[in-house]
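Worksheet: the structure to be examined is printed underneath.
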Amino acid sequence: MPRKLPVLAATAMAVGALGIAVMPATAGEPSPPGSAASVAATPAPEIAPGMLKSISKDLGITADDARKRIANEERAVAVEKQLREELGHHFGGAWVTGATSKLVVATTDRGDIAAIKEAGAEPKVVRNSLASLESAKSALDTSAVKRAPRGTSVWAVDVRNNSVVVRANEPAAAKDFLTRSGASASLVRVTQSAEKPRTYAEDLRGGDAYYTSGSTRCSIGFAVTKGGTDGFLTAGHCGKAGAKTTGHNRAAQGTVQARSFPGNDYGWVAVNSGWRAKPHVKGPGAANLSVAGSKKMPSGSSVCRSGSTSGWRCGTIEQHNATVSYEQGTVRGLSRTSVCAEPGDSGGPFVSGGQAQGTTSGGSGDCSTGGTTYYQPVAEPLSAYKLKLSTS
Numbered sequence: 005m006p007r008k009l010p011v012l013a014a015t016a017m018a019v020g021a022l023g024i025a026v027m028p029a030t031a032g033e034p035s036p037p038g039s040a041a042s043v044a045a046t047p048a049p050e051i052a053p054g055m056l057k058s059i060s061k062d063l064g065i066t067a068d069d070a071r072k073r074i075a076n077e078e079r080a081v082a083v084e085k086q087l088r089e090e091l092g093h094h095f096g097g098a099w100v101t102g103a104t105s106k107l108v109v110a111t112t113d114r115g116d117i118a119a120i121k122e123a124g125a126e127p128k129v130v131r132n133s134l135a136s137l138e139s140a141k142s143a144l145d146t147s148a149v150k151r152a153p154r155g156t157s158v159w160a161v162d163v164r165n166n167s168v169v170v171r172a173n174e175p176a177a178a179k180d181f182l183t184r185s186g187a188s189a190s191l192v193r194v195t196q197s198a199e200k201p202r203t204y205a206e207d208l209r210g211g212d213a214y215y216t217s218g219s220t221r222c223s224i225g226f227a228v229t230k231g232g233t234d235g236f237l238t239a240g241h242c243g244k245a246g247a248k249t250t251g252h253n254r255a256a257q258g259t260v261q262a263r264s265f266p267g268n269d270y271g272w273v274a275v276n277s278g279w280r281a282k283p284h285v286k287g288p289g290a291a292n293l294s295v296a297g298s299k300k301m302p303s304g305s306s307v308c309r310s311g312s313t314s315g316w317r318c319g320t321i322e323q324h325n326a327t328v329s330y331e332q333g334t335v336r337g338l339s340r341t342s343v344c345a346e347p348g349d350s351g352g353p354f355v356s357g358g359q360a361q362g363t364t365s366g367g368s369g370d371c372s373t374g375g376t377t378y379y380q381p382v383a384e385p386l387s388a389y390k391l392k393l394s395t396s
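Residue 5 is where the sequence shown starts when you use our numbering, and the numbers rise one by one after that.
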């Protein structure tokens, strides 16, 4: 029997400003909201102590490049949204790349190149629209619900390679899975992979340990409120609804109100009056890092997490909307990252700059040899349970 594992708390730190080249507005004429000029004028985000050092170390870049990267990623969010609307069905996805996170926006129509450049992004003409890729990925998800795929661990839309990538340790079985799904083979790329994701549960500050039913250790994700009740988000696999929790100090803490797993991997705990929701995650050196919001960062962005086993670790977002086949069942809508994690880190927060991204679900590898970790995006549980994220 596998031993119970501790939870991952992930604190992601990628928020930034796109290095956007624009002509200055005429004096006395403010740029219209949403324009490239107004986006470029957005002030750079405040960077928490220790964050630059962590990103610089874990990504192997200079502190100056880390600062530029965080700023560019923050501004990339607004530019991506603007171009997604402008390009419509031509939109092929967006991601950031390079040491300082230059925004790349893909389109299926060469006629969009000028608009993309004008917004300050680098254009890339691709064969497939994001909508067609997401449709193919949805077909795989539907097929997996009916019959769990053998020898296939993960599938996701890979905007950087303009395909749906399927990672499998048995490629032949993965091709059977693809055939059953009805998804177009021209949109899907099957790759050999030894990756075997597992959940990170072992047994109100994001990243601190908590225990379910006295033995299973996980990590707090993000503090939330619902009416006059305080609580926190965590991984759904960490405990069933009704389970009692204790804090890192083993004091009585709360009760799991609801959870969704498999299918999703999220849940929330309502705490007693001895605990209060605070907009903090545990950062480098155990310092408090403030959560300012929950803007979704693009693929390629730097991200950090905090967990009760392996602490504070950073990397990049590789793909969004990945589906992972765990032994306990299939989970859809996860984000894949290059951040390492270990048993006990489950449920912990992923943060990009001051923006909450999600809670640790599972992964492969460890923090000695390196690994891959998946997080459950934060927007869905907030909406599903009508929770309010605690922010600074």
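Just so you know, even glycine gets a beta-carbon here, dropped at the ideal spot from N, CA and C.
Source: prediction; values computed, not measured.
> Sorted by chain position, which residues of the same chain lie with C-beta nearer than 8 Å to A135's C-beta, five sequence neighbours on each side aside?
Replying inline: H93 and F95
> Got a sec, what are the start and stop residues for the alpha helix (DSSP H) E138 sits in?
Replying inline: L134 to K150
> Would you report the Cα separation of R131 and A143, rounded to the nearest angstrom?
Replying inline: 19 Å
> Would DSSP call E206 helix, strand or coil?
Replying inline: For E206, the predicted structure reports a pLDDT of 49, less than 50, and the residue's modelled location is therefore unreliable. A value from the coordinates is still provided. Of the three classes helix, strand and coil, the one that applies to E206 here is coil, per DSSP.
>> So, at 7 Å on beta carbons, what are the nonlocal neighbours of P353 in its own chain, with the 5 sequence-adjacent residues on each side left out?
In response: A13, A14, T15, G210, G211, G225, F226, V285, R309, S310, A360 and T363
>> Among G267, K282, P266 and A262, whose alpha-carbon lies nearest the alpha-carbon of V273?
In response: A262
> Between the region 155-170 and the region 184-196, are three or more C-beta pairs nearer than 8 Å?
Replying inline: yes
>> By DSSP's criteria, H284 is part of a beta bridge. Which residues make up the other side?
In response: R209 and S294
> Which class does Q86 belong to by DSSP, given the choice of helix, strand or coil?
Replying inline: helix
> By how many angstroms is the C-alpha of A255 removed from the C-alpha of A3?
Replying inline: With the chain running from 5 to 396 in the structure shown, residue 3 is simply not present.
> The beta strand (DSSP E) with S365 in it runs from where to where?
Replying inline: Q359 to D370
>> For G366, tell me which candidate among G357, K141 and Y379 has the shortest Cα-Cα distance.
In response: Y379
>> So, under 8 Å CB-CB, K300 and P175 are touching, yes? Tell me the CB distance rounded to an integer number of Å.
In response: Contact doesn't hold; Cβ gap of about 31 Å is too wide.
> Whole-angstrom Cβ separation of G375 and A345, contact assumed at under 8 Å?
Replying inline: 7 Å
> Can you name the start and end residues of the alpha helix (DSSP H) that S342 belongs to?
Replying inline: No alpha helix (DSSP H) contains S342, which DSSP labels as neither H nor E.
>> Quick check on this structure: which residue in T146, P347, R336 and G337 has the alpha carbon closest to the alpha carbon of S312?
In response: P347
>> Which residues does DSSP list as the beta-bridge partners of I224?
In response: I224 pairs with nothing; no bridge assigned.
> How many angstroms separate the CA atom of A239 from the CA atom of Y270?
Replying inline: 4 Å
>> Let's see if you can read the secondary structure: which residues bound the beta strand (DSSP E) around P175?
In response: Premise fails: P175 lies in the alpha helix (DSSP H), P175 to S185, not in any beta strand (DSSP E).
> Of the residues D180, G304, R317 and K390, which one's Cα is nearest the Cα of P288?
Replying inline: R317
>> Checking 8 Å against the spacing of the C-beta atoms, do S306 and R73 come in under that value?
In response: yes
> Identify the residues that DSSP records as bridge partners of T233: which are they?
Replying inline: K230
>> Do S356 and P283 have their beta-carbon atoms positioned less than 8 Å apart in this structure?
In response: no
> Shorter than 8 Å from the beta carbon of S185 to some beta carbon of chain D?
Replying inline: Note that chain D does not occur in the displayed structure, where there is just one protein chain.
>> Can you find the residues in the same chain that come closer than 7 Å, C-beta to C-beta, to D62, ignoring five residues on each side of it along the sequence?
In response: R317, C318 and G319
> Less than 8 Å separating the beta-carbons of T220 and G243?
Replying inline: yes
> So which of A213, R71 and V275 has the shortest CA-CA distance to G413?
Replying inline: Nothing can be reported for residue 413, as the shown portion of the chain is limited to 5 through 396.
> Relative to the C-alpha of A70, which residue among A177, L56 and E78 is closest?
Replying inline: L56
> Taking the C-alpha atoms as reference points, what is the distance between A291 and R280?
Replying inline: 18 Å
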